[in-house]
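Chains A and B, in that order, are what the protein sequence lines are.
Add 14 to a position in the first sequence, counting from 1, and you land on the number used in our numbering.
Add 14 to a position in the second sequence, counting from 1, and you land on the number used in our numbering.
All residues carry an ideal CB built from backbone N, CA and C; glycine is no exception.
Quick caveat: nothing in here was measured; it's all calculated off a predicted structure.
Okay, so here's the structure we're looking at.
Protein chains: 2
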Amino acid sequence: MAPPDTRTQILDAAEHLFAERGFRGTSVRAITDLAGANLAAVSYHFGSKAELLAAVARRVIEPINAAQCAGLDRLLARTPDPPVTELVEAFAGPLFDEMPAGDEGGARTARLIVTIIVDPAEEMRRWTGSAEDTVRDRYLAAFGRALPGLSPEELWFRIRGILAVTAVDRVEVYNGRPPASLSPVAGEAARRWAITFLAAAMSAPPTGT
Amino acid sequence: MAPPDTRTQILDAAEHLFAERGFRGTSVRAITDLAGANLAAVSYHFGSKAELLAAVARRVIEPINAAQCAGLDRLLARTPDPPVTELVEAFAGPLFDEMPAGDEGGARTARLIVTIIVDPAEEMRRWTGSAEDTVRDRYLAAFGRALPGLSPEELWFRIRGILAVTAVDRVEVYNGRPPASLSPVAGEAARRWAITFLAAAMSAPPTGT
DNA sequence: ACCCCTTTCATACGTTCGTTTGATTCAAAC
DNA sequence: GTTTGAATCAAACGAACGTATGAAAGGGGT
């Protein structure tokens with residue numbers, strides 16, 4: 015068994031705390047304490063707190079992007095024009111499946127992503143690479159073929175709708191306030207509900223002028 | 015014309031800055047500087063930074079809640095069981111209409127709300143009153159009658175989906191990263207797109223077991 | 001003219017933050 | 001055994017933060 019790499023332990027601790035308290039709400043000291051490392055280790059291994067966030071974000075996003083890409087490949091290998099429902103499944107599914115286990119059904123990771131996306135600070139959007147853009151553009155093209163008559167702008171609006179529903183929905187689960195006495199959402203049920211919800215939404219006819 | 019009330023100017027400045035930089039990213043000094051007031055004015059008029067946020071949030075949410083409530087009243091006065099599409103319009107419409115003008119189509123205010131909802135800190139959810147719960151429960155009941163066969167849990171999931179789409183969608187518009195060369199979403203178009211998208215989503219048949 | 005109460009002001013306090021520094025440890029390379 | 005370079009460490013830096021304090025200002029009512 016490999017020794018507990020300090021760098022990895024800092025990544026784990028940061029992922030946990032950023033998700034739990036946000037970027038600004040998490041001090042470097044809290045991260046190194048939880049990781050059992052020295053305060054200066056963050057500067058040494060990552061350069062700065064912002065670059066640590068970027069490393070955390072990349073590690074979380076990467077498997078999701080890969081699964082989205084693979085899912086689309088699988089669909090396109092079968093037919094050049096997959097139906098909307100299957101595109102939704104391939105795009106939104108990994109947002110549920112590719113979250114680390116023991117993570118309250120991925121809610122903590124979902125919150126991490128939302129925290130990053132929503133944050134107004136500039137440095138929070140510095141970490142994205144071209145891989146994300148590639149996946150996005152491929153799905154845009156596929157959805158465009160499956161939904162002829164939809165303007166590119168409205169299509170882009172709907173794609174963002176998918177992200178909004180899958181991400182924010184679970185964030186709100188995470189920090190509470192459901193109406194009194196509603197059993198918490200089970201992980202697998204939420205996934206199916208989201209696919210149902212989003213497949214119907216994506217399949218809506220184009221909005222008239 | 016009334017004199018520029020210090021308290022109001024602080025509210026305005028705080029609303030602007032909280033939306034632009036988030037709660038933790040905004041210092042009390044930045045607020046009072048923008049408001050042209052003294053640093054201690056925040057403590058004097060509001061007690062603390064957190065209570066200032068609560069006041070800002072209440073001022074923004076109140077007209078939205080009122081419009082949602084009035085819209086539902088109007089529908090119910092016509093028929094005891096309004097169709098799904100009209101319920102969506104009444105619920106989501108005010109999220110577009112009741113945002114202050116000169117606000118980049120409400121995107122800045124939408125971002126303020128999302129910033130507050132998403133924030134993990136405890137004090138960010140201290141300001142909500144019973145008015146919000148009342149509106150939410152009334153729409154839950156109305157949607158429940160319009161969508162028989164939907165479990166309360168899935169219904170709650172869908173309601174949150176509405177909020178997610180209307181709010182987050184415009185936040186992402188606000189801090190950028192659309193695919194290359196897509197004209198920015200016009201305010202009125204986004205509103206219609208959202209209603210189309212959400213009406214179809216809400217009308218989806220219940221997810222089978 | 002005096003007092004009272006609200007509002008504003010300059011200043012300071014104590015804390016926490018991200019980052020830097022220079023010494024120290026330690027295992028492998030020579 | 002000595003050297004080397006990566007990794008860790010305690011300690012400190014200056015800056016920024018939220019809040020508190022006590023004095024000053026302002027304007028009615030008497």
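Considering only the alpha carbon of each residue, which of the options lies closest to residue i?
{"i": "Pro220 (chain B)", "options": "B:Ala214, B:Glu168, B:Trp207 and B:Val179", "result": "B:Glu168"}
{"i": "Gly174 (chain A)", "options": "B:Trp207, B:Ile45, B:Thr148 and B:Arg159", "result": "The amino acid occupying residue 174 (chain A) in the given sequence is Arg; Gly does not appear at that position. Measuring from the Cα of Arg174 (chain A), the nearest candidate turns out to be B:Trp207."}
{"i": "Thr123 (chain A)", "options": "A:Val185, A:Glu202, A:Pro96 and A:Ala51", "result": "A:Val185"}
{"i": "Arg172 (chain B)", "options": "B:Phe110, B:Leu212, B:Ala160 and B:Ala91", "result": "B:Leu212"}
{"i": "Gly50 (chain A)", "options": "A:Glu100, A:Pro18 and A:Glu202", "result": "A:Pro18"}
{"i": "Arg205 (chain B)", "options": "B:Ala218, B:Thr180 and B:Leu126", "result": "B:Thr180"}
{"i": "Leu109 (chain B)", "options": "B:Ala218, B:Thr99, B:Gln23 and B:Ile176", "result": "B:Ile176"}
{"i": "Pro162 (chain A)", "options": "A:Met216, A:Thr20, A:Arg140 and A:Val182", "result": "A:Met216"}
{"i": "Val182 (chain B)", "options": "B:Ile127, B:Asp111, B:Phe157 and B:Glu137", "result": "B:Ile127"}
{"i": "Ala64 (chain A)", "options": "A:Pro77, A:Val102 and A:Arg140", "result": "A:Arg140"}
{"i": "Arg73 (chain B)", "options": "B:Glu137, B:Thr22 and B:Ala160", "result": "B:Thr22"}
{"i": "Ala156 (chain B)", "options": "B:Phe105, B:Glu137 and B:Ala203", "result": "B:Phe105"}
{"i": "Leu66 (chain A)", "options": "A:Met138, A:Leu101, A:Asp95 and A:Glu76", "result": "A:Met138"}
{"i": "Thr210 (chain B)", "options": "B:Val70, B:Ser62 and B:Glu103", "result": "B:Glu103"}
{"i": "Thr40 (chain B)", "options": "A:Ala135, A:Glu112, A:Leu48 and A:Arg88", "result": "A:Ala135"}
{"i": "Ala160 (chain A)", "options": "A:Glu112, A:Trp170, A:Pro97 and A:Leu89", "result": "A:Pro97"}
{"i": "Pro114 (chain A)", "options": "A:Leu89, A:Ile78, A:Gly222 and A:Leu48", "result": "A:Ile78"}
{"i": "Leu48 (chain B)", "options": "B:Ala71, B:Thr20 and B:Gly222", "result": "B:Thr20"}
{"i": "Ala203 (chain B)", "options": "B:Asp87, B:Val70 and B:Asp111", "result": "B:Asp111"}
{"i": "Arg125 (chain A)", "options": "A:Trp170, A:Thr93 and A:Ala178", "result": "A:Ala178"}
{"i": "Ala214 (chain B)", "options": "B:Ala121, B:Glu100 and B:Gly120", "result": "B:Glu100"}
Determine the DSSP secondary structure at residue i, reduced to helix, strand or coil.
{"i": "Leu66 (chain A)", "result": "helix"}
{"i": "Leu86 (chain A)", "result": "helix"}
{"i": "Arg184 (chain A)", "result": "helix"}
{"i": "Asp117 (chain A)", "result": "coil"}
{"i": "Glu112 (chain B)", "result": "coil"}
{"i": "Leu286 (chain A)", "result": "Any question about residue 286 (chain A) goes unanswered here, given that chain A covers just 15 to 223."}
{"i": "Trp18 (chain B)", "result": "The residue asked about is misnamed: residue 18 (chain B) is Pro in this sequence, not Trp. Reduced to three states, the DSSP call for Pro18 (chain B) is coil."}
{"i": "Ser41 (chain B)", "result": "coil"}
{"i": "Gly143 (chain A)", "result": "coil"}
{"i": "Ala218 (chain B)", "result": "coil"}
{"i": "Ala135 (chain A)", "result": "coil"}
{"i": "Gly163 (chain B)", "result": "coil"}
{"i": "Asp95 (chain A)", "result": "coil"}
{"i": "Gly107 (chain A)", "result": "helix"}
{"i": "Ile127 (chain B)", "result": "helix"}
{"i": "Gly61 (chain B)", "result": "coil"}
{"i": "Gly36 (chain A)", "result": "coil"}
For a test of your reading of the model: does the CB of residue i fall under 7 Å from any non-hydrogen atom of the ligand ZN? Yes or no.
{"i": "Arg21 (chain A)", "result": "As for the ligand ZN, it is missing from this structure, which has no ligand bound."}
Query raised in the report: Touch check for the region 41-56 of chain B and the region 53-73 of chain A: three-plus C-beta pairs under 8 Å?
Result: Here the region 41-56 of chain B does not lie against the region 53-73 of chain A, with fewer than 3 beta-carbon pairs under 8 Å apart.
Query raised in the report: Is the region 139-151 of chain A touching the region 144-154 of chain B, taking contact as three or more C-beta pairs under 8 Å?
Result: Short answer: they don't touch.
Query raised in the report: Is the region 78-86 of chain A touching the region 21-35 of chain A in the sense that three or more CB pairs, one from each, lie closer than 8 Å?
Result: No, they do not touch.
Query raised in the report: Taking Cβ-Cβ distances below 8 Å as the criterion, which residues of the region 159-175 of chain A are in contact with chain B?
Result: Pro166, Glu167, Glu168, Trp170, Phe171, Arg172, Arg174 and Gly175: these are the residues of the region 159-175 of chain A whose beta carbon lies less than 8 Å from some beta carbon of chain B, given in chain order.
**Report entry** Touch test, the region 158-167 of chain B against the region 124-134 of chain A, Cβ-Cβ under 8 Å, three pairs minimum
**Finding:** Contact between the region 158-167 of chain B and the region 124-134 of chain A is absent, because fewer than three Cβ pairs lie under 8 Å.
Report task. Please confirm if the region 21-29 of chain A is in contact with the region 38-45 of chain A, defined as three or more CB-CB distances below 8 Å between the two stretches. Result -> Between the region 21-29 of chain A and the region 38-45 of chain A there are three or more C-beta pairs closer than 8 Å, enough to call the two in contact.
Query raised in the report: Got a sec: which bits of the region 118-143 of chain A sit with their beta carbon under 8 Å from any beta carbon on chain B, in order along the chain?
Result: Listed by position, the residues of the region 118-143 of chain A near chain B (Cβ gap below 8 Å) are Arg125, Val128, Thr129, Ile131, Val132, Asp133, Pro134, Ala135, Arg139 and Thr142.
Query raised in the report: Name the residues in the region 53-71 of chain B whose C-beta lies less than 8 Å from a C-beta of chain A; which are they?
Result: Here the close residues number zero.
**Report entry** Residues of the region 209-220 of chain A with Cβ closer than 9 Å to any Cβ of chain B, in chain order
**Finding:** Within the region 209-220 of chain A, those residues whose Cβ lies closer than 9 Å to any Cβ of chain B are, in chain order, Ile209, Thr210, Phe211, Leu212, Ala213, Ala214, Ala215, Met216, Ser217, Ala218, Pro219 and Pro220.
Report task. Check distances from the C-beta atoms of the region 36-48 of chain B to those of chain A and list, in chain order, the residues that come in under 7 Å. Result -> Contacts with chain A (Cβ-Cβ distance below 7 Å) from the region 36-48 of chain B involve Gly36, Arg38 and Gly39, listed in chain order.
Query raised in the report: Going along the chain, which residues of the region 73-85 of chain A sit with their C-beta nearer than 8 Å to a C-beta in chain B?
Result: Listed in sequence order: no entries.
**Report entry** chain B contacts from the region 20-37 of chain A (Cβ-Cβ distance under 7 Å)
**Finding:** Contact residues of the region 20-37 of chain A toward chain B are Glu34, Arg35 and Gly36 (C-beta to C-beta distance below 7 Å).
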